[in-house]
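Those letters in the sequence shown? Residues 140 to 369, per this note's numbering, in order.
Backbone N, C-alpha and C define an ideal beta-carbon position, used for all residues, glycine too.
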Amino acid sequence: MSLKHVLLSLVLCQCAAFAAAQGTNPPAGEYTFERGAGTMRVEPNGAFNLNTIGANAHLCEVDGRIVGGKAKLRDSTCVVNFATAADTVVVTTNGVEQCRDNCGARATFEGTYTRTSPACTDNAVRSARKRFKQQYDAKGYDAARGTLSGVLSACEKTLDWLTAGRIRNDLALAQYKLGDKAACLKTLQPLAEDAAKTDAGIKEAYPPADAEDYLPIVKATRFNLKMCKG
């Protein structure tokens with residue numbers, strides 16, 4: 140077989156796989172939107188609901204039933220497409236204006252959803268943070284460090300940005316208590332650029348609702364960076 144025929148066969152196989160993915164319902168379960176900015180739940184019968192949050196706390200709330208990888212929203216010309224590949228589902232629409240009816244101006248539900256691992260569901264993360272606090276308050280700093288470092292390494296891709304910031308600050312405190320200032324600074328490094336801004340700078344850089352939620356995290360980061368640099 141010539142190289143041309145081999146390449147053509149590969150392209151045809153890829154196209155067929157993509158078409159099959161588009162025509163198949165996503166496996167039932169819970170999925171997390173990009174950067175943890177929402178969730179999608181799919182039931183075995185194809186019923187789904189998704190909730191996402193965009194800038195300035197603008198929301199999308201969409202539900203319906205998936206049939207053959209597509210869902211026509213009720214009383215709407217909007218069609219939502221679900222293309223499944225491995226542990227991800229890419230959600231798109233047919234592009235009609237009515238697809239925006241269930242969303243705020245700064246929110247979208249189109250994008251990639253990743254199957255949420257059991258350790259990274261909202262309930263599991265809340266439980267881990269509660270366990271961390273108990274360990275930290277009991278001065279079990281090594282156990283506390285292990286609890287949150289495990290969450291951060293396993294779940295960072297699906298944590299929402301505010302929760303990730305809070306976890307980084309809590310983990311940095313445990314590292315500081317253990318005398319590991321270098322690890323503390325490394326944990327806080329993704330937040331350091333914003334921590335260097337003034338409160339006014341944060342309010343200028345972020346929409347009002349986001350800035351209000353983020354400022355306590357920024358202030359904690361400033362304090363913790365100062366401790367770990369000392």
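Member of 212, 243, 170 whose CA lies at the smallest distance from the CA of residue 193: 243
Under three-state DSSP, which class holds residue 190? strand
I want to know whether the region 336-344 touches the region 354-366 - three or more CB-CB distances under 8 Å. yes
If we cut at 9 Å on Cβ distances, does residue 261 have a partner in chain B? Within the model displayed, chain B is absent; a lone protein chain is all it includes.
Could you check the C-alpha separation between residue 227 and residue 163 for me, to the nearest Å? 13 Å
Beta strand (DSSP E) containing residue 204: first to last residue? 198-204
For a test of the three-state rule: what should DSSP assign to residue 208, helix, strand or coil? coil
Look at the alpha carbon of residue 301 and the alpha carbon of residue 295, and state the distance between them as a whole number of angstroms. 11 Å
C-alpha gap between residue 160 and residue 237, whole angstroms: For residue 160, the predicted structure reports a pLDDT of 49, less than 50, and the residue's modelled location is therefore unreliable. A value from the coordinates is still provided. Cα to Cα, residue 160 sits roughly 25 Å from residue 237.
Only counting the same chain, and skipping five residues up and downstream in sequence, which positions put a Cβ closer than 8 Å to that of residue 232? 217, 218, 219, 220, 238, 249
Endpoints, beta strand (DSSP E) assigned at residue 222: 218-224
Spatial neighbours of residue 188 within its chain, please: C-beta separation below 6 Å, excluding the five flanking residues on both sides. 180, 202
Give the secondary structure of residue 318 by DSSP, where H, G and I count as helix, E and B as strand, and everything else as coil. coil
Between 253, 274, 332, 292, which has its C-alpha nearest residue 222's C-alpha? 253
Candidates 168, 176, 345: which alpha carbon is nearest residue 246's? 176
The alpha helix (DSSP H) spanning residue 357 covers which residue range? 347-368
Would residue 280 and residue 309 qualify as a contact pair, given that the criterion is a beta-carbon distance under 9 Å? no
Residue 169 - containing alpha helix (DSSP H), residue span: Not the alpha helix (DSSP H): residue 169 falls in the beta strand (DSSP E), residues 168-171.
Return the CA-CA distance between residue 170 and residue 211, expressed in angstroms with no decimal places. 20 Å
Considering only the alpha carbon of each residue, which of 166, 204, 167, 191 lies closest to residue 174? 191
Just to confirm, is the Cβ distance from residue 324 to residue 367 under 9 Å? yes
Report yes if the C-beta distance between residue 418 and residue 270 is below 9 Å; otherwise report no. A question about residue 418 goes unanswered here, because the residues of the chain that appear run from 140 up to 369.
So, at 8 Å on beta carbons, what are the nonlocal neighbours of residue 204 in its own chain, with the 5 sequence-adjacent residues on each side left out? 184, 185, 186, 187, 210
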